[in-house]
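Here the sequence shown is numbered in the numbering used here, starting from 48 and rising by one per residue. In this text, a Cβ means the ideal position worked out from N, Cα and C, and glycines have one as well. Nothing here was measured: the structure is a model prediction, and the numbers come from that model.
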Amino acid sequence: GVVYRVTDPKLAILMFRSGRAVCTGGKDEDNIHTGIDRMIADLRGAGIKTWDLADVEIEVQNMVATYALHYPEDY
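Laid out in structure tokens, this is it:
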């Protein structure tokens with residue numbers, strides 16, 4: 048497979064030979080769309096035929112929340 052990294056928004060898209068892809072690091076669905084748009088533009092710029100984003104079905108399968116507890120270090 049191939050790992051495509053986007054710096055803004057910071058995410059990575061893992062593309063597999065099967066045609067499936069996994070996007071990680073996006074904060075919301077707009078980040079994912081932006082990353083996929085940039086990847087498609089770069090692939091097309093390199094002369095690689097790709098799909099239209101309108102044809103891409105995005106399914107959110109996992110969400111992770113992070114937070115700070117702000118407890119004293121000796122808690």
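| Item | Value |
| --- | --- |
| Specify the secondary structure class of Ala59 as computed by DSSP and reduced to three states. | strand |
| Between Arg28 and Thr54, what straight-line distance do the alpha-carbon atoms span, to the nearest angstrom? | Look at the range of the chain in this structure, 48 to 122, and you will see that residue 28 is not part of it. |
| If contact is defined by three or more beta carbon pairs under 8 Å, each pair taking one atom from either stretch, is the stretch 107 to 114 in contact with the stretch 81 to 96? | no |
| Determine the direct distance from the alpha carbon of Gly72 to that of Gly66, and round the result to whole angstroms. | 20 Å |
| On a CA-only basis, which of Pro56, Glu76, Val69 is nearest Val49? Give me that one, please. | Val69 |
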